[in-house]
Amino acid sequence: MSSPQTHQPIVHTNTNSRRRGSPAARRSVSIPTNANTGFGPPHDRKLTQILFSMSIASPINLLLLSLFAVLVYMQFRPKAPVTLPKGPAPIVFRTFTPTTLLEFNGVDGKPVYLAVRGRVFDVSPGRNFYGPGGPYENFAGRDASRGLACQSFDEEMLTKDLKAPLDDLKDLDAEALENLQSWEERFLEKYLVVGKLVAEGDPEAPKA
Numbered sequence: 001m002s003s004p005q006t007h008q009p010i011v012h013t014n015t016n017s018r019r020r021g022s023p024a025a026r027r028s029v030s031i032p033t034n035a036n037t038g039f040g041p042p043h044d045r046k047l048t049q050i051l052f053s054m055s056i057a058s059p060i061n062l063l064l065l066s067l068f069a070v071l072v073y074m075q076f077r078p079k080a081p082v083t084l085p086k087g088p089a090p091i092v093f094r095t096f097t098p099t100t101l102l103e104f105n106g107v108d109g110k111p112v113y114l115a116v117r118g119r120v121f122d123v124s125p126g127r128n129f130y131g132p133g134g135p136y137e138n139f140a141g142r143d144a145s146r147g148l149a150c151q152s153f154d155e156e157m158l159t160k161d162l163k164a165p166l167d168d169l170k171d172l173d174a175e176a177l178e179n180l181q182s183w184e185e186r187f188l189e190k191y192l193v194v195g196k197l198v199a200e201g202d203p204e205a206p207k208a
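Residue numbers (UniProt numbering): 1 to 208.
Spelled out as structure tokens, the structure:
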């Protein structure tokens, strides 16, 4: 005896609505996004955070991060204002007489001046030579022309009477004049000319 046959209802599917993506078809499709499978996005994010924290906390990365922070601080830290050293006081070109030149002999820290053929030089940078205690100290504050020409640094080479006319050097021979010119050129290369020397009573002499 044959078993009774069961007839399944025939469901007609509208293929046109499926192709066009009808609202009914779209509503019937749902994609689970938060399925608790053990490998879903929440677990992936947590694992990523753990790995990231471990990589940041490694000693090498901490050291590199510290070095980077120091470099950034050194680059952008406020800088203290630069204080420029004070320059030397300005030197005013002036006219000297043997009397007014005498005070610039380097004593008590004063500048060291000397005269060569009417030019007054500031030889303070060579204080060890021309200042007190130096081998040429007799020339400090004086007209050194004759002494340089004769290659003598004795006091007898200096004009004793400061009120007398300046030494005209007319009695010097060619060799002495050549020596004097060599010294004068050397002074012009090394030292500043700060004035000129005139005799007492000269119209250009400073007034007392």
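Quick reminder that beta carbons are idealized off the backbone N, C-alpha and C, glycines included.
Exercise. In the DSSP assignment, what are the bridge partners of Leu197?
Worked result: Position 197 of the sequence shown holds residue 197. Under DSSP, Leu197 shares a beta bridge with Phe96.
Problem set entry | Leu114 - containing beta strand (DSSP E), residue span | Against the sequence shown, residue 114 aligns to sequence position 114. Taken as a continuous stretch (DSSP letters only), the beta strand (DSSP E) holding Leu114 covers Tyr113 to Val116.
Exercise. Looking at the unbroken beta strand (DSSP E) that takes in Val107, where does it start and where does it end?
Worked result: Counting from 1 along the sequence shown, the entry for residue 107 is found at position 107. Counting along the chain, Val107 falls outside any beta strand (DSSP E), and DSSP gives it neither H nor E.
Problem set entry | Contacts around Pro111, its chain only, beta-carbon distance under 7 Å, and the 5 residues preceding and following it disregarded | To locate residue 111, count along the sequence shown from 1; it is residue 111. Same-chain partners within the cutoff: Phe104, Asp122 and Ser124.
Problem set entry | Through-space distance from Gly118 to Leu197, alpha-carbon basis | Reading the sequence shown from its first residue, position 197 is the one you call residue 197. Reading the sequence shown from its first residue, position 118 is the one you call residue 118. If you take the alpha carbons of Leu197 and Gly118, they lie about 5 Å apart.
For this session: List the residues that DSSP assigns as beta-bridge partners of Arg142.
Result: In the sequence shown, residue 142 corresponds to position 142, counting from 1. Arg142 pairs with nothing; no bridge assigned.
Exercise. Distance, Cα to Cα, Thr100 vs Leu114?
Worked result: Translated into the one-based positions of the sequence shown, residue 100 becomes position 100. Translated into the one-based positions of the sequence shown, residue 114 becomes position 114. Take the alpha-carbon of Thr100 and the one of Leu114: they are about 11 Å apart.
Exercise. Whose CA, out of Arg146, Ala199, Tyr191 and Gly195, lies closest to the CA of Asp173?
Worked result: Position 173 of the sequence shown holds residue 173. It is Arg146 whose Cα lies nearest to the Cα of Asp173.
Problem set entry | Rounded straight-line distance, which links the Cα of Asn61 to that of Arg77 | On the sequence shown, position 77 is the one that residue 77 refers to. On the sequence shown, position 61 is the one that residue 61 refers to. Whole-angstrom Cα-Cα distance: 24 Å.
Exercise. Roughly how many angstroms separate the alpha carbons of Ala187 and Ala80, rounded to a whole number?
Worked result: Residue 187 sits at position 187 when you count from the first residue of the sequence shown. Residue 80 sits at position 80 when you count from the first residue of the sequence shown. It should be noted that the sequence gives Phe, not Ala, for residue 187. When rounded, the distance between both Cα atoms is 42 Å.
Exercise. Rounded to a whole number of angstroms, what is the C-alpha to C-alpha distance between Asn179 and Val116?
Worked result: Indexing the sequence shown from 1 puts residue 179 at position 179. Indexing the sequence shown from 1 puts residue 116 at position 116. Rounded to whole angstroms, Asn179 to Val116 spans 12 Å at the Cα level.
Exercise. What do you get for Val92, buried or exposed, if any count of 16 or more other CB atoms within 10 angstroms of its CB means buried?
Worked result: Translated into the one-based positions of the sequence shown, residue 92 becomes position 92. With fewer than 16 other Cβ atoms within 10 Å, it is exposed.
Problem set entry | Exposure of Met74, with buried meaning 16 or more beta-carbon neighbours within 10 Å | Locating residue 74 in the sequence shown gives position 74, counting from the first residue. Label assigned to Met74: exposed.
Problem set entry | Boundaries of the beta strand (DSSP E) in which Phe76 is found, first to last residue | By one-based count along the sequence shown, residue 76 stands at place 76. Careful: Phe76 lies outside any beta strand (DSSP E), inside the alpha helix (DSSP H) at Pro59 to Phe76.
For this session: Mind checking who Phe153 pairs with in its DSSP beta bridge?
Result: Counted from its first residue, the sequence shown places residue 153 at position 153. Beta-bridge pairing links Phe153 to no other residue.
For this session: Output yes or no for whether 7 Å exceeds the beta carbon distance between Pro98 and Leu192.
Result: As a first step, residue 98 must be located in the sequence shown, where it is residue number 98. As a first step, residue 192 must be located in the sequence shown, where it is residue number 192. Cβ distance not < 7 Å, so Pro98 and Leu192 don't count as in contact.
Exercise. How would you call Ala140, buried or exposed, if buried means at least 16 neighbouring beta carbons within 10 angstroms?
Worked result: Position 140 of the sequence shown, counting from 1, holds the residue named residue 140. The residue in question, Ala140, is buried, as its Cβ has 16 or more Cβ neighbours within 10 Å.
Problem set entry | Inter-residue Cα distance where the pair is Lys182 and Val72 | Counted from its first residue, the sequence shown places residue 182 at position 182. Counted from its first residue, the sequence shown places residue 72 at position 72. Per the sequence presented here, residue 182 reads as Ser, with Lys not at that position. Looking at the backbone, the Cα of Ser182 and that of Val72 are separated by about 60 Å.
Problem set entry | Same chain, Cβ closer than 7 Å to Val107, neighbours up to 5 away in sequence not counted | For the purposes of this step, residue 107 is identified with residue 107 of the sequence shown, where counting begins at 1. Excluding sequence neighbours, Val107 sits near Pro132.
For this session: Within its chain, find whatever has a CB closer than 8 Å to the CB of Arg127; leave out the 5 residues flanking it on each side and keep chain order.
Result: Counting from one through the sequence shown, the residue named residue 127 turns up at place 127. Gly106, Val112 and Gly134, listed in sequence order.
Problem set entry | Straight-line gap, Glu184 to Leu177 (C-alpha atoms, nearest Å) | Taking the sequence shown and counting its residues from 1, the one referred to as residue 184 is at position 184. Taking the sequence shown and counting its residues from 1, the one referred to as residue 177 is at position 177. Rounded to whole angstroms, Glu184 to Leu177 spans 10 Å at the Cα level.
For this session: Give the range of the beta strand (DSSP E) segment to which Asp122 is assigned.
Result: The residue given as residue 122 occupies position 122 in the sequence shown. Asp122 -> beta strand (DSSP E) spans Arg119 to Asp122.
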